[in-house]
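Protein chains: 2
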Amino acid sequence: MRLKVRLLDLEAGGKFIVVLNRDDAEDMGVSGLSRVRISYANRWLTAIVNVALESVTRGYIGVYNEVKRFLNLRDGDEVDVEAAHFPLSVYYIRNKLSGRKLSYEEIFEIVRDVVSGNLSEIEIAAFVTALHTFGLDLDEATSLSMAMVETGNRLELKKPLIVDKHSIGGVPGDKTTLLVVPIIAASGLTIPKSSSRSITSAAGTADRAEVLMPVTLGIEEMREVVERTNGCIVWGGALDLAPADDIFIRVEHPLSIDPLLLPSIMSKKKAVGANLLVIDIPTGRGTKIKTIGEADLLAKDFIELGRRLGIRVQCAVTYGEQPVGYAIGPALEAWEALNTIMGKSQSYDLIDKAVHIAGILLEMSGKADGNGRAIALEILRSGKAEEKLREIISAQGGDPKIKPDDIVLGSERFTVHSKRGGVILWIDNASIVEAARLAGAPRDKGAGVLLHKKIGDKVSEGDALATIFAERASKLERAISLFEEFPVIGVGDRMEMLIHEVKERPVAKRTFVLER
Amino acid sequence: MRLKVRLLDLEAGGKFIVVLNRDDAEDMGVSGLSRVRISYANRWLTAIVNVALESVTRGYIGVYNEVKRFLNLRDGDEVDVEAAHFPLSVYYIRNKLSGRKLSYEEIFEIVRDVVSGNLSEIEIAAFVTALHTFGLDLDEATSLSMAMVETGNRLELKKPLIVDKHSIGGVPGDKTTLLVVPIIAASGLTIPKSSSRSITSAAGTADRAEVLMPVTLGIEEMREVVERTNGCIVWGGALDLAPADDIFIRVEHPLSIDPLLLPSIMSKKKAVGANLLVIDIPTGRGTKIKTIGEADLLAKDFIELGRRLGIRVQCAVTYGEQPVGYAIGPALEAWEALNTIMGKSQSYDLIDKAVHIAGILLEMSGKADGNGRAIALEILRSGKAEEKLREIISAQGGDPKIKPDDIVLGSERFTVHSKRGGVILWIDNASIVEAARLAGAPRDKGAGVLLHKKIGDKVSEGDALATIFAERASKLERAISLFEEFPVIGVGDRMEMLIHEVKERPVAKRTFVLER
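Order-wise, the sequence lines are chains P and H. With numbering that gives the first Met the number 0 applied, the first sequence covers 0 to 515. With numbering that gives the first Met the number 0 applied, the second sequence covers 0 to 515.
Structure representation (structure tokens):
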């Protein structure tokens with residue numbers, strides 16, 4: 000059926016939705032929540048149907064903004080609309096619901112239908128849940144990785160050796176990438192780094208980097224930056240590498256499950272053509288991976304999945320029981336990273352982590368032989384890393400002369416003081432993240448938390464423990480009350496043995512970190 | 000935030016959706032697909048947010064029809080809107096995703112949030128999928144049944160003994176209820192029967208009964224009919240008994256899974272106050288339950304679940320490898336049932352099934368002692384069942400004088416003839432249902448299939464096997480092509496041993512029956 004477009008000026012949060020007149024819908028044999036295939040100028044998509052009695056008249060199709068953008072429609076354009084065929088991929092999802100292992104062809108069909116809007120949220124949610132409950136083996140993880148690569152863009156650099164690093168996330172304040180990329184690019188290796196924005200954290204690497212330079216680059220712009228500077232730090236969202244992942248994440252998030260962790264990460268690395276890769280696995284209470292045993296098992300899977308995808312992988316299991324460095328929140332972290340690369344700060348743990356990870360890449364690539372860490376540290380100390388960072392900033396369209404003082408931190412501030420003397424025994428990652436988010440991070444870039452002490456530091460009564468930064472007073476208040484109500488930073492003489500009491504059936508609100 | 004209602008005249012197929020201006024949404028801290036709680040005149044619901052730039056201006060809230068109806072809103076009404084709290088029930092769903100058993104309190108919270116729109120389709124789909132993959136034990140099935148009763152209407156009849164029957168469905172043409180209810184009501188027992196419409200079949204009992212009388216009654220009207228006649232045959236959809244079930248079904252349907260079968264059925268029986276119940280389990284290829292062993296295990300669960308809910312249950316495992324009687328499709332089935340109860344037809348299997356099931360109820364209630372079947376047959380033969388059916392028709396607002404000839408059958412007809420002589424070896428239930436649906440059933444009430452032969456009947460070449468009925472010629476054509484392309488009715492001298500060949504990886508499009 001040919002219908003005239005009526006733009007509705009409505010956003011559905013990422014879903015394809017159209018409105019049909021009830022009579023047109025009946026003629027096509029579709030009803031509310033059915034799906035139709037809409038074709039226009041060689042592109043097509045599948046959209047969910049809402050039905051109108053009068054607000055959309057016969058012969059017209061009301062179009063949400065997501066559909067308008069995907070098909071590039073204007074008011075009055077004529078589109079072809081037909082009832083969507085029942086997707087074959089639903090049968091494959093049902094196979095997984097019965098606990099069957101899926102073949103590559105089946106997985107490819109599912110992923111392709113996810114990307115083209117052919118599957119409903121119910122079907123995707125069932126697929127993700129079944130992957131979570133039955134698990135997916137390495138064959139399926141390989142198939143999912145490849146299918147996600149095949150259904151997206153690829154960065155085709157003409158280089159024989161491409162390295163990359165990735166943190167599975169979960170530790171707050173982790174601005175390591177802002178140091179590793181310039182160190183590695185300065186060493187002469189190629190590192191086309193794409194990063195994500197925050198989902199559940201106070202800042203993603205893309206949020207941090209955006210304080211220093213534009214990060215929303217297309218894939219061609221990314222290629223140019225990497226060809227010019229050997230590296231880049233861009234947001235993955237505009238690149239369309241493995242676009243299925245964004246849709247899977249939308250379903251995983253409310254459920255707090257992440258069965259697609261491995262394929263999601265590895266597909267993006269494969270799509271940029273990486274052949275050497277370090278995966279950082281922050282480990283400890285308050286991160287994604289709680290124990291070293293768990294981290295080692297995950298590392299084993301990453302290494303084997305990498306082998307199957309033609310990527311040599313090493314993993315770094317890192318200490319994650321407190322934030323990395325002192326700053327948490329986009330601007331604060333960019334500020335700390337810039338200070339550190341300029342030799343103006345002593346965030347020892349941040350430097351240690353960055354040169355360790357850069358060192359592993361240098362050794363994997365043959366640029367170092369047992370002294371990778373020392374070479375990385377030398378590149379950092381010598382100012383070559385800073386020079387390279389400024390080159391990258393410039394290539395991405397930022398100001399290469401940016402100084403730490405140029406970075407705007409939230410002007411609403413509150414400092415939390417210690418109520419007693421002693422030693423910092425623990426810092427609760429989840430509460431630090433929640434405080435930073437209550438203060439406005441990551442949307443308010445200047446919001447966050449700056450720690451003054453880390454685990455093991457001595458404090459006297461009244462010493463400053465942390466400063467909360469916000470852009471709005473009302474948000475500052477909400478973050479302050481969190482510090483008042485919950486123990487965020489533990490000060491004591493020695494460990495107290497009781498963690499907490501369980502008096503009634505508890506609600507298991509465990510922290511969930513979806514950053515990848 | 001107080002917002003003025005703007006009715007959008009849009010249907011979302013059952014979901015609660017509202018449209019906010021982007022600035023209002025940002026002030027509330029919600030974005031597309033977030034959820035808001037909307038209160039008006041002591042009622043409230045949770046709705047999904049879509050966002051508009053201009054089509055909904057600041058201070059207004061665009062309202063879909065589902066929301067309008069639930070809250071009884073008019074244009075310009077002022078409603079209170081706030082960001083929805085994160086529902087506790089999501090944590091409980093996550094417990095099930097980790098394979099934990101759920102307590103009654105957790106299940107109640109989930110079911111309550113399902114009914115009030117507090118949970119998204121993603122969350123409900125994950126819950127249903129986890130119930131399917133991990134299974135639910137009898138404690139959980141009991142909790143689900145009770146929670147579904149508690150969150151809906153209850154029929155409170157002042158009778159000590161209330162009986163009921165239910166078929167788990169899956170066999171086409173099963174109009175048994177249209178005979179059992181009048182037989183039982185004529186015996187003096189009370190049987191407040193609520194039935195469903197077709198979901199995947201050619202006709203549900205509510206669709207069949209609607210040909211004879213109105214079936215969309217409210218719970219008070221149902222009570223009046225039962226108090227007057229001892230029985231009724233009404234559509235469950237307008238009664239709001241266990242309303243969570245309708246929402247679960249919407250999720251189960253595309254996934255072809257039905258973990259809620261037991262709680263769904265039993266909650267509705269509990270809600271009408273039944274204390275004696277016969278469950279009919281049609282068994283055989285082409286039905287839901289393929290083997291007698293499987294049927295027995297299911298019967299065991301029904302009996303035990305009934306015991307926990309205070310309902311005495313017996314099960315009838317019945318032959319389901321071909322349609323019951325000869326007619327498939329709403330009007331055809333009503334016509335066959337009316338003919339049968341008037342003694343004008345000899346659908347032997349239909350009569351046999353009806354008097355067996357009625358007989359079990361008569362014996363369970365003490366009205367019969369080993370001779371239940373004979374008493375039921377006597378009530379049928381004597382005309383008392385017909386008289387009672389006409390009483391019920393009249394009480395529900397239909398014409399008590401209705402004759403079989405008054406029933407309008409589709410005027411577009413095509414008769415399929417046998418291409419060879421032999422014996423009917425099999426009748427494929429799924430193909431018969433598909434043919435009836437292609438012909439227009441259940442929406443076109445006069446559409447369907449009338450068999451002329453059943454399994455074991457002898458046929459000569461050219462004998463009529465079945466007649467397809469439709470209301471529109473185009474639909475008749477589609478049903479005819481099915482008969483031409485696929486083997487629907489098998490005629491032969493003896494069984495052929497090859498069922499089918501598998502030449503490549505098959506797509507497992509197994510039949511799924513969601514009728515309950």
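The C-beta atom is built at its ideal place from N, Cα and C for all residues, glycine as well.
Distance between beta carbons of residue j and residue i, contact taken as under 8 Å
| i | j | result |
| --- | --- | --- |
| Leu297 (chain P) | Ile310 (chain P) | So it is not a contact: roughly 16 Å between Cβ atoms. |
| Val490 (chain P) | Arg419 (chain P) | 6 Å |
| Phe270 (chain P) | Arg412 (chain P) | Note that residue 270 (chain P) is Ala in the sequence shown here, rather than Phe. That pair is no contact at about 41 Å. |
| His165 (chain H) | Leu276 (chain H) | 7 Å |
| Ala140 (chain P) | Leu304 (chain P) | 5 Å |
| Asn20 (chain H) | Thr56 (chain H) | 6 Å |
| Leu531 (chain P) | Gly151 (chain P) | In the structure as shown, chain P begins at 0 and stops at 515. Residue 531 (chain P) is therefore absent and cannot be evaluated. |
| Ile431 (chain H) | Val448 (chain H) | 6 Å |
Limits of the unbroken alpha helix (DSSP H) element including residue i
| i | result |
| --- | --- |
| Pro262 (chain H) | 260-270 |
| Asn338 (chain H) | 329-340 |
| Val224 (chain P) | 218-228 |
| Gly371 (chain P) | 371-380 |
Residue range of the beta strand (DSSP E) that includes residue i
| i | result |
| --- | --- |
| Gly528 (chain H) | With chain H running from 0 to 515 in the structure shown, residue 528 (chain H) is simply not present. |
| Lys164 (chain P) | 162-166 |
| Ile190 (chain P) | 190-194 |
| Phe85 (chain H) | Segment: none, Phe85 (chain H) is in no beta strand (DSSP E) and carries neither H nor E. |
| Arg5 (chain H) | 1-6 |
| Glu38 (chain H) | One point to set straight first is that residue 38 (chain H) is Ser, not Glu, in the sequence displayed. Start and end: 34-39. |
| Ile278 (chain H) | 275-282 |
| Thr204 (chain H) | Where Thr204 (chain H) is concerned, there is no enclosing beta strand (DSSP E), although the alpha helix (DSSP H) it sits in stretches over 204-208. |
| Ala465 (chain H) | 463-469 |
Distance, residue j Cα to residue i Cα
| i | j | result |
| --- | --- | --- |
| Gly98 (chain H) | Val127 (chain H) | 13 Å |
| Leu360 (chain P) | Thr175 (chain P) | 14 Å |
| Cys231 (chain P) | Met27 (chain H) | 36 Å |
| Val50 (chain H) | Ala440 (chain H) | 39 Å |
| Pro171 (chain H) | Val323 (chain H) | 7 Å |
| Ala375 (chain H) | Ile256 (chain P) | 55 Å |
| Cys314 (chain H) | Leu349 (chain H) | 17 Å |
| Ala478 (chain H) | Val148 (chain P) | 43 Å |
| Asp74 (chain P) | Arg5 (chain H) | 23 Å |
| Glu81 (chain P) | Arg36 (chain P) | 5 Å |
| Gly358 (chain P) | Ile109 (chain P) | 39 Å |
| Arg196 (chain P) | Gly236 (chain P) | 8 Å |
| Val526 (chain H) | Phe107 (chain H) | Given a span of 0 to 515 for chain H in the structure shown, any question on residue 526 (chain H) remains unanswerable. |
| Asn64 (chain H) | Ile488 (chain P) | 50 Å |
| Gly134 (chain P) | Thr317 (chain P) | 26 Å |
| Leu9 (chain H) | Val233 (chain H) | 29 Å |
| Ile183 (chain H) | Phe85 (chain P) | 43 Å |
| Phe482 (chain H) | Ile190 (chain H) | 39 Å |
| Glu226 (chain P) | Ile391 (chain P) | 11 Å |
| Asn117 (chain H) | Val48 (chain P) | 22 Å |
| Leu437 (chain H) | Ser263 (chain H) | 29 Å |
| Gly58 (chain P) | Tyr39 (chain P) | 16 Å |
| Ala243 (chain H) | Arg111 (chain H) | 8 Å |
Residue i CB to nearest heavy atom of the ligand GDP below 7 Å
| i | result |
| --- | --- |
| Leu304 (chain H) | Because no ligand of any kind appears in the structure shown, any question about the ligand GDP cannot be addressed here. |
Using a beta-carbon distance cut-off of less than 8 Å, what residues from the stretch 346-374 of chain H approach chain P? none
Residues of the stretch 111-141 of chain P in Cβ contact with chain H at a cutoff of 7 Å, in chain order, please. Ser119, Glu120, Ile121, Glu122, Ala124, Ala125, Thr128, Ala129, His131, Thr132, Phe133
Give the residues from the stretch 242-266 of chain P that approach chain H closer than 7 Å (Cβ to any Cβ), ordered along the chain. Val250, Pro253, Leu254, Ser255, Ile256
Which of the residues in the stretch 46-75 of chain P, read from start to end, lie with their CB under 7 Å from any CB of chain H? Asn49, Val50, Ala51, Leu52, Glu53, Ser54
Taking only beta carbons into account, state which residues of the stretch 89-101 of chain P come closer than 9 Å to chain H, listed in chain order. Val89, Tyr90, Tyr91, Ile92, Arg93, Asn94, Leu96, Ser97, Gly98, Arg99
Output, in sequence order along the chain, the residues in the stretch 493-514 of chain H whose CB is closer than 9 Å to any CB in chain P. Arg504, Val506, Ala507, Lys508, Arg509, Phe511
Taking the runs of the alpha helix (DSSP H) that are 4 residues or longer, which of them lie wholly in the stretch 81-155 of chain H? 87-96, 103-114, 120-133, 137-149
What residues in the stretch 406-424 of chain H bring their beta carbon closer than 8 Å to a beta carbon of chain P? none
I'd like the ranges of any alpha helix (DSSP H) spanning at least 4 consecutive residues and lying wholly in the stretch 42-78 of chain P. 64-70
Near-chain P residues of the stretch 431-462 of chain H (beta-carbon distance less than 9 Å), N- to C-terminal order: Residues of the stretch 431-462 of chain H whose Cβ lies closer than 9 Å to any Cβ of chain P: none.
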